[in-house]
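Read the structure below first, then the notes.
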Amino acid sequence: MSEDLIFTHEGEVVVHPPQQFYAGDTWQIQANCINLDGTPMDLASAAMTWSLNDASGQDSNFLVLTVNEGIVVDPATPPNGIAYITVTPAQSTALVAGFYSDQLVVVTSDGVVSTVFTGRIEVKQRGLMGPPARMPHVQA
């Protein structure tokens, strides 16, 4: 997740810029989870759910990831509020090309529920390609 997030008003959900990923690739998203006062969330004991939904964001969870099942919390001390979301190639391969909506919801150990971000994701299908090859070694 890039740092150029779009903020509306203080306390509202962050809408991330549109992103594109290829079906069949590994998707890596960094989530920066910040409290209303600007301090990093303590994610050590938090429950987190990232979902990929239809374009309206209302129906059909195409993917749902949770802590230790696709989401890893950065173990920094003191807490830095960073988590990493990874969609595997096996999970992304089945997705049909098109537009989706994602969101990350965090429930902290003290029961605070926060929708950290939401946004649009475009899934693209890769064109026909041969097997992966190494770049030829270039000699000076």
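Its first residue numbered 1385, the sequence shown is counted upward by one per residue in the working numbering. Each residue gets a CB set at the ideal place from its N, CA and C atoms; glycine is no exception. Since this is a predicted model, take the numbers as computed values, not measurements.
*Completely contained beta strand (DSSP E) runs for the segment 1405-1489, where each covers 3 or more residues*: 1411-1416, 1431-1438, 1447-1451, 1454-1457, 1466-1471
_In the DSSP output, what is L1503 paired with across the bridge?_
Taking the sequence shown and counting its residues from 1, one reaches residue 1503 at position 119. The question names Leu, but residue 1503 is Gly in the sequence shown. G1503 is bridged to H1400, D1486.
_Contact set for T1433: own chain, Cβ-Cβ below 6 Å, skip 5 residues either direction_ = Position 49 of the sequence shown, counted from the first residue, corresponds to residue 1433. Hits under 6 Å: T1450, V1489.
_Please identify the residue among R1504, N1452, A1428 whose C-alpha is closest to the C-alpha of D1438._
The residue labelled residue 1438 in the question sits at position 54 within the sequence shown. Among R1504, N1452, A1428, the Cα nearest to that of D1438 is on R1504.
*Which residues in the same chain as S1429 place their Cβ atom closer than 7 Å to its Cβ, once the five residues preceding and following it in sequence are excluded?*
Numbered from 1 along the sequence shown, position 45 holds the residue referred to as residue 1429. The residues are S1493.
*From F1501 to A1474, what does the alpha carbon distance come to, in whole angstroms?*
Residue 1501 sits at position 117 when you count from the first residue of the sequence shown. Residue 1474 sits at position 90 when you count from the first residue of the sequence shown. Near 24 Å, if we compare the C-alpha coordinates of A1474 and F1501.
_Taking the beta carbon of F1483 as the centre, do at least 16 other beta carbons fall within 10 Å, making it buried, or is it exposed?_
Start at 1 with the first residue of the sequence shown, and residue 1483 comes out as number 99. Exposed is the call here.
*Out of I1418, V1457, I1466, state which residue places its alpha-carbon closest to the alpha-carbon of S1498.*
As a working note, residue 1498 is residue 114 in the sequence shown. Of the listed residues, the one whose Cα sits closest to S1498 is I1418.
_Cα-Cα separation, D1421 to A1478_ = Counting from 1 along the sequence shown, the entry for residue 1421 is found at position 37. Counting from 1 along the sequence shown, the entry for residue 1478 is found at position 94. Cα-Cα distance, rounded: 40 Å.
_With three or more beta-carbon pairs closer than 8 Å as the criterion, would you say the segment 1456-1467 touches the segment 1395-1407?_
no
*asked:* In this structure, how does DSSP classify S1498 when only helix, strand and coil are distinguished?
replied: Position 114 of the sequence shown, counting from 1, holds the residue named residue 1498. S1498 falls in the strand class under three-state DSSP.
*asked:* Checking 8 Å against the spacing of the C-beta atoms, do T1423 and T1470 come in under that value?
replied: Within the sequence shown, the letter at position 39 stands for residue 1423. Within the sequence shown, the letter at position 86 stands for residue 1470. For T1423 and T1470, no; Cβs fall outside 8 Å.
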